[in-house]
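Sequential numbering of the sequence shown, starting at 5, is according to the numbering used here. We treat Cβ as the ideally placed atom computed from N, Cα and C, and that holds for glycine. So the structure is just underneath, and the comments pick up after that.
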Amino acid sequence: MKTVLVTGGRGQLALCIKDLSKALKDYLFIYVDHNKLDITKREEINVFFSENKIDYCINCAAYTAVDKAESEKHIAKSVNKLGAKYIAKACKENEVVLIQISTDFVFDGEKNTPYIENDVTKPINFYGLTKLEGELAVTSILDNFFLIRTSWLYSEYGNNFMKTILKLGKEKEELNIIYDQVGTPTYAGDLAGFILKLITEKSNLYGIYHYSNEGLTSWYDFTKAIFNLRNLSIKVNPIKTEEYKQEAKRPMFSVLDKSKTKKTFNIEIPYWRDSLRKILLKMNHLSN
5 MKTVLVTGGR GQLALCIKDL SKALKDYLFI YVDHNKLDIT KREEINVFFS
55 ENKIDYCINC AAYTAVDKAE SEKHIAKSVN KLGAKYIAKA CKENEVVLIQ
105 ISTDFVFDGE KNTPYIENDV TKPINFYGLT KLEGELAVTS ILDNFFLIRT
155 SWLYSEYGNN FMKTILKLGK EKEELNIIYD QVGTPTYAGD LAGFILKLIT
205 EKSNLYGIYH YSNEGLTSWY DFTKAIFNLR NLSIKVNPIK TEEYKQEAKR
255 PMFSVLDKSK TKKTFNIEIP YWRDSLRKIL LKMNHLSN
């Protein structure tokens with residue numbers, strides 16, 4: 005029996021992992037939120053790891069409020085940088101394989117082709133900076149790690165763009181949505197499936213990998229797709245980034261290249277529209 009620790013246990017990725025892991029009989033999954041394990045406290049982590057025989061740690065815990073991070077810098081850094089560092093050190097000391105989740109926001113968005121794993125990182129907001137610092141901590145401390153960058157994560161759980169749009173679709177007749185930021189919406193359930201594959205296949209092909217759904221789109225077209233699949237006639241107006249006031253800058257183009265991931269692990273990755281349709285069906289927002 006292998007034991008898998010999942011931090012950020014109430015977040016959307018952890019909850020998707022929880023759904024899929026129920027079918028895995030040879031693994032014990034331990035889900036912890038910050039009340040059960042505060043990853044910003046090194047001693048608390050050390051005690052937890054020493055008291056539990058852990059084989060894998062999936063670090064889903066993160067401070068993800070991109071705009072609030074600009075004013076809550078201490079909290080963002082504590083979770084995203086120091087938390088990742090303390091988890092990595094505990095994994096090193098206890099021979100645990102770490103699966104660290106990161107983000108497309110470590111890039112500046114100045115490219116016009118998808119980012120590969122070894123492209124130069126250059127975050128343009130504080131959230132991205134803290135996630136990059138977490139990456140650097142993990143890669144400097146550990147050899148046995150998977151660092152997975154993903155983008156525009158959504159699911160039936162938690163707070164995310166898709167759920168916000170569904171809510172606004174019930175309340176508004178017209179929405180203004182940014183059209184000039186391009187990336188890839190990623191269903192958290194697809195990412196969860198990939199993470200569990202790494203564990204169940206006992207992969208030792210450690211390193212940095214990109215995983216998002218296939219294809220690319222804008223927030224505007226993503227919104228239109230949600231409403232079209234639900235057959236809703238909400239008016240959606242395309243606006244420029246500069247017309248929408250946000251505290252933090254966003255990368256204008258943050259599409260991730262998954263070639264290395266697909267080749268290394270011999271997988272196919274679903275197209276973003278297909279996964280969106282699947283999740284809306286699951287949420288009973290669509291009929292067959």
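At the level of alpha carbons, what is the spacing between residue i and residue j?
i: L179; j: Q250; result: 17 Å
i: G138; j: A92; result: 9 Å
i: K26; j: G13; result: 15 Å
i: I47; j: L172; result: At residue 47 the sequence reads Glu, which differs from the Ile that was named. Approximately 43 Å, taken between the alpha carbons.
i: S207; j: F149; result: 10 Å
i: A252; j: L284; result: 30 Å
i: S291; j: R234; result: The predicted position of S291 is uncertain, since its pLDDT is 45 and thus under 50; a value taken from the coordinates is nonetheless stated next. In a straight line, the C-alpha of S291 is about 9 Å away from that of R234.
i: D184; j: Y224; result: 8 Å
i: E97; j: L41; result: 18 Å
i: I230; j: K6; result: 39 Å
i: T11; j: F226; result: 29 Å
i: I145; j: L102; result: 11 Å
i: M166; j: N50; result: 37 Å
i: F33; j: L9; result: 6 Å
Give me whichever residues DSSP pairs with residue i in a beta bridge.
i: N63; result: T11, Q104
i: H214; result: R153
i: P127; result: DSSP, once it has assigned bridges, lists no residue as partnering P127.
i: Y183; result: Y183 pairs with nothing; no bridge assigned.
i: I169; result: Bridge partners of I169: none, in fact.
i: F226; result: Answer is none; F226 lacks a bridge partner.
i: E178; result: K239
i: L260; result: Y119
i: K307; result: A query on residue 307 cannot be resolved here, the shown segment of the chain reaching from 5 to 292 and no further.
Can you check which of these residues, the options, is closest to residue i by C-alpha distance?
i: R220; options: G187, D108, A80, C95; result: The amino acid occupying residue 220 in the given sequence is Leu; Arg does not appear at that position. That would be G187, whose Cα lies nearest to the Cα of L220.
i: I120; options: I212, A18, P274; result: I212
i: L133; options: W156, D123, N84, L209; result: N84
i: K57; options: K77, K29, I169, V100; result: V100
i: Y67; options: G15, I21, L102, C61; result: G15
i: A65; options: T143, Y35, N241; result: Y35
i: E74; options: R277, S279, R254; result: R254
i: T190; options: Y215, S82, K174; result: Y215
Between which two residues does the beta strand (DSSP E) carrying residue i extend?
i: F33; result: 31–35
i: N148; result: It is not in any beta strand (DSSP E) - N148 carries neither H nor E in the DSSP assignment.
i: V240; result: 239–243
Which residue comes first and which comes last in the alpha helix (DSSP H) that contains residue i?
i: N235; result: Here N235 belongs to no alpha helix (DSSP H), and DSSP marks it neither H nor E.
i: N39; result: Counting along the chain, N39 falls outside any alpha helix (DSSP H), and DSSP gives it neither H nor E.
i: D194; result: 192–204
inquiry  = Pairs of beta-carbons, one from the region 268–275 and one from the region 193–209, closer than 8 Å: are there three or more?
reply    = yes
request  = Would you check if there are 3 or more beta carbon pairs closer than 8 Å linking the region 43–59 to the region 78–95?
outcome  = Under the 8 Å Cβ criterion, the region 43–59 counts as touching the region 78–95, having at least three qualifying pairs.
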